[in-house]
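J.: Residue numbers (the working numbering): 7 to 313. Virtual Cβ for every residue (Gly too), placed ideally from N, Cα, C. Mind looking over this structure? Questions follow.
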Amino acid sequence: MAIRFEEIGERLKAYRLGRGLLAEDVAERLGISRAAVYRIEAGGVVKIETLERLATLLDTTVASLLGAGVEYYSSPLSYFERMRQIEEQADQVVAHFPPLSYLLTSDGYSAHLRQTLVEALPPHIARDQAVAEIDAIIAILDERKNARNRRRLSVVNFVNVLEIERWLKLGVVGRFNLPPAELARRRLAARAEVEHLIGLIESEPMGVQIGLIEGTLPNITFQLFRTAEKTLLGLSPFRLGGELPNLRSGIAMLTADEEPVRLYEDIADGLWGRALKGSEAGTVLRAALDRSAIAPPPQKKASSELV
7 MAIRFEEIGE
17 RLKAYRLGRG
27 LLAEDVAERL
37 GISRAAVYRI
47 EAGGVVKIET
57 LERLATLLDT
67 TVASLLGAGV
77 EYYSSPLSYF
87 ERMRQIEEQA
97 DQVVAHFPPL
107 SYLLTSDGYS
117 AHLRQTLVEA
127 LPPHIARDQA
137 VAEIDAIIAI
147 LDERKNARNR
157 RRLSVVNFVN
167 VLEIERWLKL
177 GVVGRFNLPP
187 AELARRRLAA
197 RAEVEHLIGL
207 IESEPMGVQI
217 GLIEGTLPNI
227 TFQLFRTAEK
237 TLLGLSPFRL
247 GGELPNLRSG
257 IAMLTADEEP
267 VRLYEDIADG
277 LWGRALKGSE
287 AGTVLRAALD
297 RSAIAPPPQK
307 KASSELV
C-alpha cells in the first residue's frame with residue numbers, strides 16, 4: 007500500500023478534533039513542536055514511531071491513521087470532519103442519510119438542527135462541552151454545504167417516503183415532551199424542509215439528483231464518495247433527524263475496500279432503478295404533505311393591502 011501522507015494528516019486532524027484536542031495539546035503530550043503537528047496534518051512526512059504515539063494518544067490504531075482497511079470513528083465530530091475532507095476531493099456523493107442529506111437542506115435548517123441536538127442531550131453529560139461539540143459539528147456541516155454549492159459537487163440522495171411522513175408527524179424535535187404550540191412550530195419546520203426538497207426535485211438544479219423510495223431502506227446510513235482515484239464507503243449510526251437524533255452512541259466506518267464498496271454500489275444502483283424522480287416524486291411528496299395536515303404559514307399581505 008502506497009503511503010499518502012496528505013491523507014494521514016487529514017485523518018489525524020479528524021481524530022484530533024473528535025478528541026477535543028488542539029494542535030498545542032498534541033504537541034505537548036508528544037514532546038514535539040506545534041509546528042511539527044501542523045506539518046503532519048498538512049501532509050508532511052511522519053515517522054512510524056510518531057504515528058504509533060499519535061494512535062495511542064488519539065485512541066485509534068496506526069492502521070486507521072494509515073487508512074489501511076477500515077477507518078473507525080466513535081466521535082461524530084471526527085466522522086463529519088472526515089466526510090468534509092473527502093468531499094473536497096470527490097466528484098460525486100451518493101447518500102442515504104435520513105431524512106435527507108444535510109447538503110440539500112435549506113439555509114435556515116441549521117438553527118432548527120442545533121435546537122434539536124441540544125434538547126436531546128442526556129442530563130448526565132457535561133452540558134457546556136456537549137454544546138460546544140454540537141456547534142463544532144454544525145460548523146463542519148455548514149462548511150460541507152458551502153463547499154458543495156461552491157464546487158457544484160454532484161449529489162445523489164435517496165429519500166424515503168416513510169421517513170418523510172414520520173418526520174412530518176414528529177416535527178424537527180430532539181425530545182417528545184414538547185408543549186403543543188412548540189410541537190406545531192417544529193412540524194412547520196419539517197414541512198418547510200420537505201417543501202424545499204420538493205423544490206429541488208422539481209427544479210432539478212445542476213448536480214443534484216434525488217430518488218424517492220416508497221419501500222424500506224437500510225437502517226444504517228451510507229454514503230459513497232466517488233473520487234477520480236477510488237470510491238470510499240461510509241457507514242454511520244449517527245442521525246440528524248427523521249426521528250430523535252443520535253450523536254452519542256455508535257461507531258462510524260470508512261473504507262475503500264473493493265468488496266463492501268461493490269456491494270453498496272449494487273444497492274445504490276438497485277435503489278436508483280426503482281426510485282421515483284422528477285415530477286412523479288414531487289407529486290408523492292405533496293400528497294404526504296397533504297396527509298400531514300400541517301397548515302402552511304399564512305402568507306404576508308402586500309403593503310398595498312394593508313393600507
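Closest to Ser-112 by C-alpha separation, out of Glu-188, Ile-219, Ala-61 and Ala-198, would be which residue?
T.: Here residue 112 refers to the residue found at position 106 when the sequence shown is read from its first residue. The shortest Cα separation from Ser-112 among Glu-188, Ile-219, Ala-61 and Ala-198 belongs to Ala-198.
J.: If you count every other CB in all the chains shown that lies within 10 Å of the CB of Thr-62, and 16 or more means buried, which is it?
T.: Within the sequence shown, the letter at position 56 stands for residue 62. So Thr-62 ends up on the exposed side.
J.: Could you check what DSSP says for Ala-299 in three-state terms: helix, strand or coil?
T.: For this step, residue 299 is matched to residue 293 along the sequence shown. Note: Ala-299 maps to coil in three-state DSSP.
J.: Is the beta carbon of Val-165 sitting closer than 8 Å to the one on Val-100?
T.: In the sequence shown, the residue the question calls residue 165 occupies position 159. In the sequence shown, the residue the question calls residue 100 occupies position 94. No, these two residues do not count as a Cβ contact at 8 Å.
J.: Which residues in the same chain have their Cβ closer than 7 Å to the Cβ of Glu-139, if we skip the five residues on either side of it in sequence?
T.: Here the question's residue 139 lines up with position 133 in the sequence shown. These residues qualify, in order along the chain: Leu-83.
J.: Return helix, strand or coil for Pro-130, following the three-state DSSP convention.
T.: Along the sequence shown, one-based indexing puts residue 130 at 124. In the sequence under discussion, the amino acid at residue 130 is His, which differs from the Pro named in the question. Of the three classes helix, strand and coil, the one that applies to His-130 here is coil, per DSSP.
J.: Just mark Ala-20 as buried or exposed, buried being the case when its beta carbon has 16 or more other beta carbons within 10 Å.
T.: Here residue 20 refers to the residue found at position 14 when the sequence shown is read from its first residue. So Ala-20 counts as buried.
J.: Could you check what DSSP says for Gly-279 in three-state terms: helix, strand or coil?
T.: Translated into the one-based positions of the sequence shown, residue 279 becomes position 273. Three-state result, Gly-279: helix.
J.: Which word fits Pro-222, buried or exposed, when buried means at least 16 other C-beta atoms lie within 10 angstroms of its C-beta?
T.: In the sequence shown, counting from the first residue as 1, residue 222 sits at position 216. Correcting the residue type first, residue 222 is Thr in the shown sequence and not Pro. Thr-222 is exposed by the Cβ-count criterion.
J.: Quick check on the DSSP output: what are the complete beta strand (DSSP E) runs of length 3 or more inside the stretch 145-199, in order along the chain?
T.: Fully enclosed beta strand (DSSP E) runs of 3 or longer: 160-166.
J.: What is the residue span of the beta strand (DSSP E) that Ser-116 lies within?
T.: Sequence index remark: in the sequence shown, residue 116 carries index 110 (1-based). Looking at the DSSP string, Ser-116 is not in any beta strand (DSSP E); the run it does join, the alpha helix (DSSP H), is 115-125.
J.: How would you label Glu-77, buried or exposed, when you count the other beta carbons within 10 angstroms and need 16 or more for buried?
T.: Along the sequence shown, read from residue 1 onward, the residue named residue 77 stands at position 71. That one is buried.
J.: Could you check the C-alpha separation between Ser-107 and Phe-244 for me, to the nearest Å?
T.: Position 101 of the sequence shown, counting from 1, holds the residue named residue 107. Position 238 of the sequence shown, counting from 1, holds the residue named residue 244. If I take the Cα positions, the gap works out to 12 Å.
J.: Between the alpha carbons of Leu-274 and Leu-168, how many angstroms are there, rounded?
T.: Here residue 274 refers to the residue found at position 268 when the sequence shown is read from its first residue. Here residue 168 refers to the residue found at position 162 when the sequence shown is read from its first residue. Here the sequence assigns Ala to residue 274, which means Leu is not the residue at that position. So the alpha carbons of these two residues sit roughly 18 Å apart.
J.: Should Leu-64 go down as buried or exposed, given a rule of 16 or more other Cβ atoms within 10 Å for buried?
T.: Taking the sequence shown and counting its residues from 1, one reaches residue 64 at position 58. Buried, since its Cβ has 16 or more Cβ neighbours within 10 Å.
J.: Apart from the five residues on each side of it in sequence, which residues of its chain come closer than 7 Å, Cβ to Cβ, to Glu-47?
T.: Position 41 of the sequence shown, counted from the first residue, corresponds to residue 47. Counting only Cβ-Cβ distances below 7 Å, and skipping sequence neighbours, we find Gly-15, Leu-18 and Lys-19.
J.: Using 8 Å as the threshold, is the C-beta distance between Ala-136 and Leu-127 below it?
T.: Start at 1 with the first residue of the sequence shown, and residue 136 comes out as number 130. Start at 1 with the first residue of the sequence shown, and residue 127 comes out as number 121. Against a cut-off of 8 Å, the Cβ pair of Leu-127 and Ala-136 comes out as a contact.
J.: DSSP beta-bridge partners for Gly-217?
T.: Counting from 1 along the sequence shown, the entry for residue 217 is found at position 211. Answer by DSSP bridge pairing, in chain order: Phe-164.
J.: Measure the CB-CB distance between Gly-180 and Glu-125 and report whether it falls below 8 Å.
T.: Locating residue 180 in the sequence shown gives position 174, counting from the first residue. Locating residue 125 in the sequence shown gives position 119, counting from the first residue. In this structure, Glu-125 lies closer than 8 Å to Gly-180 by Cβ.
J.: Using 8 Å for Cβ pairs, my map puts Ser-209 next to Thr-227. What's the rounded Cβ distance?
T.: On the sequence shown, position 203 is the one that residue 209 refers to. On the sequence shown, position 221 is the one that residue 227 refers to. Actually they are not in contact, since the Cβ atoms of Ser-209 and Thr-227 sit about 25 Å apart, beyond 8 Å.
J.: Please confirm if the stretch 272-286 is in contact with the stretch 200-216, defined as three or more CB-CB distances below 8 Å between the two stretches.
T.: Yes, since at least three Cβ pairs between the stretch 272-286 and the stretch 200-216 fall closer than 8 Å, the two stretches touch.
J.: Alpha carbon to alpha carbon, what distance is there between Lys-236 and Ser-81?
T.: As a first step, residue 81 must be located in the sequence shown, where it is residue number 75. As a first step, residue 236 must be located in the sequence shown, where it is residue number 230. Each residue's alpha carbon lies about 25 Å from the other.
J.: Helix, strand or coil: how does DSSP classify Gly-24 here?
T.: The count along the sequence shown starts at 1 and reaches residue 24 at position 18. Note: Gly-24 maps to helix in three-state DSSP.
J.: In this structure, how does DSSP classify Val-100 when only helix, strand and coil are distinguished?
T.: By 1-based counting over the sequence shown, the position of residue 100 is 94. Strand.
J.: Let me check understanding here. Comparing Cα to Cα, which of Arg-192, Glu-188, Glu-171 and Ile-38 lies closest to Gly-114?
T.: For the purposes of this step, residue 114 is taken as the residue at position 108 of the sequence shown. That would be Arg-192, whose Cα lies nearest to the Cα of Gly-114.
J.: Here's a check: name, in chain order, each residue in its chain whose Cβ is nearer than 7 Å to the Cβ of Ser-6, leaving out the five neighbours to either side.
T.: Nothing in the structure corresponds to residue 6, since the chain is present only between 7 and 313.
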